[in-house]
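Trainee: Residues in the sequence shown are numbered from 97 upward in steps of one, following the working numbering. Have a look at the structure that comes next, please.
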Amino acid sequence: YDVITLGGGRTALVIGDVMGRGVRAAAVMGQLRTAVRAYARLDLPPHEVLQLLDGLATEIDANQIATCAYAVHDPNEGRLVYASAGHLPILVRDEHGTVIRADEPTGPPLGTGGWMHASGSVPLGPGSTAVLYTDGLVERRNEDLDEGIASLERALAGATGTPQVVCDRLVRSAGVTADHDDDVAVLVLQHPARTGPDGELFRNAALELLGGVEAAPRARAFASGVLTSWRFPSDLHDLGVLATSELVANSLQQ
């Protein structure tokens with residue numbers, strides 16, 4: 097599992113599970129984890145990241161199969177775009193406590209080769225929470241896997257608080273203890289709800305600049321577009337553009 101900071105205020109989350117145990121399985125997972133961080137920097141759609149990982153998994157060990165879910169959250173769009181390679185569905189709790197499964201589309205596990213993956217998306221606006229997990233959290237002997245996921249849904253519907261608090265509650269609700277006989281990984285992502293008269297000011301946007309004579313004009317155009325889309329008053333818009341231009345110009349001179 098991993099959490100990767102991307103440009104534009106976006107965050108990528110990845111979670112996976114290699115079939116089997118031991119040194120070989122751990123080595124494969126380590127190589128896939130390193131690769132996904134590199135692929136994330138290419139700013140590809142989630143399904144294309146999984147396509148690349150699928151090819152790599154086949155090259156590493158054609159006999160080793162892994163499941164994986166890769167998702168990107170854009171707070172400005174308020175959506176979670178994801179793709180799954182045979183992994184368990186992402187759960188999303190909205191600001192009202194309603195939980196949905198992000199289970200379509202899904203593709204075959206990594207390492208099977210020759211299959212096409214596809215991306216899906218679900219709303220993840222302010223006040224919403226997304227949970228990614230491995231089967232160790234929901235799989236029990238003599239119990240249907242779907243029932244384990246349904247139990248997790250019910251627990252998430254009533255789980256509030258920080259991501260750490262939510263994670264702890266979900267693990268406790270699943271009855272996971274130190275003696276648990278399977279690996280468990282849980283990722284919790286929250287899009288915090290901002291309240292009060294200044295709530296609309298808590299936004300972010302990012303632009304990667306490589307320097308050169310075009311950096312300042314690009315920064316001004318970017319700032320102008322962002323502040324306009326946020327409906328800033330003209331005086332604050334102009335001040336924001338000016339401040340951005342000065343910051344970039346001063347950085348280039350140093």
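Each residue gets a CB set at the ideal place from its N, CA and C atoms; glycine is no exception.
1. Hey, A153 and L206 are a contact pair by Cβ (cut 8 Å); roughly how many whole angstroms apart?
2. Using the beta-carbon count (16 or more within 10 Å), is D240 buried or exposed?
3. Just mark R137 as buried or exposed, buried being the case when its beta carbon has 16 or more other beta carbons within 10 Å.
4. If contacts are defined as beta-carbon pairs under 8 Å, then A162 and V124 qualify, I think. What distance do you get, rounded to the angstrom?
5. As a quick exercise: from G216, Y166, D279, pick the residue whose alpha carbon is nearest that of G351.
6. A214 and G221 - do their beta-carbons sit closer together than 8 Å?
7. Quick check: the Cα distance between D264 and A255, rounded to an integer number of angstroms?
8. Let's test the definition: count the other Cβ atoms within 10 Å of the Cβ of H183 and tell me whether it reaches 16, buried, or not, exposed.
9. If you reduce the DSSP assignment to three classes, tell me which class S215 lands in.
10. Please classify L146: does DSSP put it in a helix, a strand, or coil?
11. Within 8 Å, do at least three Cβ pairs link the region 137-146 to the region 183-194?
12. With C-beta atoms as the reference, is L305 less than 8 Å away from A319?
13. Taking the continuous alpha helix (DSSP H) assigned at T230, which residues delimit it?
14. Between G105 and the rest of its own chain, which residues show a CB-CB distance below 7 Å, the 5 nearest in sequence each way excluded?
15. Please name the residue or residues paired with T225 in a DSSP beta bridge.
16. Grouping DSSP H, G and I as helix and E and B as strand, with all else coil, what is V261?
17. Please report the Cβ distance between L332 and L248, rounded to the nearest whole angstrom; I am assuming they are in contact, meaning their Cβ atoms lie under 8 Å.
18. Starting from H169, trace the alpha helix (DSSP H) both ways and give me its first and last residue.
19. Report buried or exposed for P329, applying the criterion of at least 16 other Cβ atoms within 10 angstroms of its Cβ.
20. Count the other CB atoms, across all protein chains shown, that sit within 10 Å of the CB of V282; report buried if there are 16 or more and exposed otherwise.
21. Which residues does DSSP list as the beta-bridge partners of V195?
22. Would you kindly work out how many angstroms separate the C-alpha atoms of S217 and V337, rounded to a whole number?
23. To the nearest angstrom, report how far apart I156 and T208 are at their CA atoms.
24. Since I believe D150 is in contact with R129 (beta carbons under 8 Å), could you give me their beta-carbon distance rounded to a whole number of angstroms?
25. According to DSSP, I245 sits in a beta bridge with which residue or residues?
Mentor: Result, derived from the coordinates:
1. For the purposes of this step, residue 153 is taken as the residue at position 57 of the sequence shown. For the purposes of this step, residue 206 is taken as the residue at position 110 of the sequence shown. Separation of the CB atoms of A153 and L206 is rounded to 4 Å, and the pair is thereby assigned contact status at 8 Å.
2. Here residue 240 corresponds to residue number 144 of the sequence shown, with the count starting at 1. It counts as exposed.
3. Translated into positions along the sequence shown, residue 137 becomes position 41. With fewer than 16 Cβ atoms within 10 Å of its Cβ, R137 is classed as exposed.
4. The residue you call residue 162 lines up with position 66 of the sequence shown. The residue you call residue 124 lines up with position 28 of the sequence shown. Right, their Cβ atoms sit about 7 Å apart.
5. Limits of the chain in this structure are 97 at one end and 350 at the other, which puts residue 351 out of reach.
6. If you number the sequence shown from 1, residue 221 lands on position 125. If you number the sequence shown from 1, residue 214 lands on position 118. A distance of 8 Å or more separates the beta carbons of G221 and A214.
7. Here the question's residue 264 lines up with position 168 in the sequence shown. Here the question's residue 255 lines up with position 159 in the sequence shown. Computed Cα separation, rounded: 10 Å.
8. Counted from its first residue, the sequence shown places residue 183 at position 87. Flag for H183 reads buried.
9. Your numbering for residue 215 matches position 119 in the sequence shown. Coil, per DSSP.
10. Numbered from 1 along the sequence shown, position 50 holds the residue referred to as residue 146. It is helical.
11. Judged by Cβ distances under 8 Å, the region 183-194 makes no contact with the region 137-146, as fewer than three pairs qualify.
12. In the sequence shown, counting from the first residue as 1, residue 305 sits at position 209. In the sequence shown, counting from the first residue as 1, residue 319 sits at position 223. Taking 8 Å as the Cβ cut-off, L305 and A319 do not qualify as a contacting pair.
13. Looking up residue 230 in the sequence shown gives position 134. Counting along the chain, T230 falls outside any alpha helix (DSSP H), and DSSP gives it neither H nor E.
14. On the sequence shown, position 9 is the one that residue 105 refers to. For G105, where only same-chain residues beyond five positions count, the Cβ hits under 7 Å are P171, N172, N300, A301, A302.
15. The count along the sequence shown starts at 1 and reaches residue 225 at position 129. Note: T225 sits in a beta bridge opposite R189, Q286.
16. Counted from its first residue, the sequence shown places residue 261 at position 165. Reduced to three states, the DSSP call for V261 is helix.
17. Here the question's residue 332 lines up with position 236 in the sequence shown. Here the question's residue 248 lines up with position 152 in the sequence shown. Wrong, their Cβ atoms sit about 44 Å apart, outside the cutoff.
18. Taking the first residue of the sequence shown as 1, we reach residue 169 at position 73. It is not in any alpha helix (DSSP H) - H169 instead sits in the beta strand (DSSP E) that spans 162-170.
19. As a working note, residue 329 is residue 233 in the sequence shown. It is exposed - the Cβ of P329 has fewer than 16 other Cβ atoms within 10 Å.
20. Within the sequence shown, residue 282 is the residue found at index 186, counting from 1. Buried is the call here.
21. Within the sequence shown, the letter at position 99 stands for residue 195. For V195, which the question treats as bridged, DSSP gives the partners R189.
22. By one-based count along the sequence shown, residue 217 stands at place 121. By one-based count along the sequence shown, residue 337 stands at place 241. Between S217 and V337, the C-alpha separation is close to 33 Å.
23. For the purposes of this step, residue 156 is taken as residue 60 along the sequence shown, with counting starting at 1. For the purposes of this step, residue 208 is taken as residue 112 along the sequence shown, with counting starting at 1. If I take the Cα positions, the gap works out to 12 Å.
24. Along the sequence shown, read from residue 1 onward, the residue named residue 129 stands at position 33. Along the sequence shown, read from residue 1 onward, the residue named residue 150 stands at position 54. Not quite, the Cβ-Cβ distance comes to about 15 Å (not below 8 Å), so this is no contact.
25. One-based indexing of the sequence shown puts residue 245 at position 149. DSSP, once it has assigned bridges, lists no residue as partnering I245.
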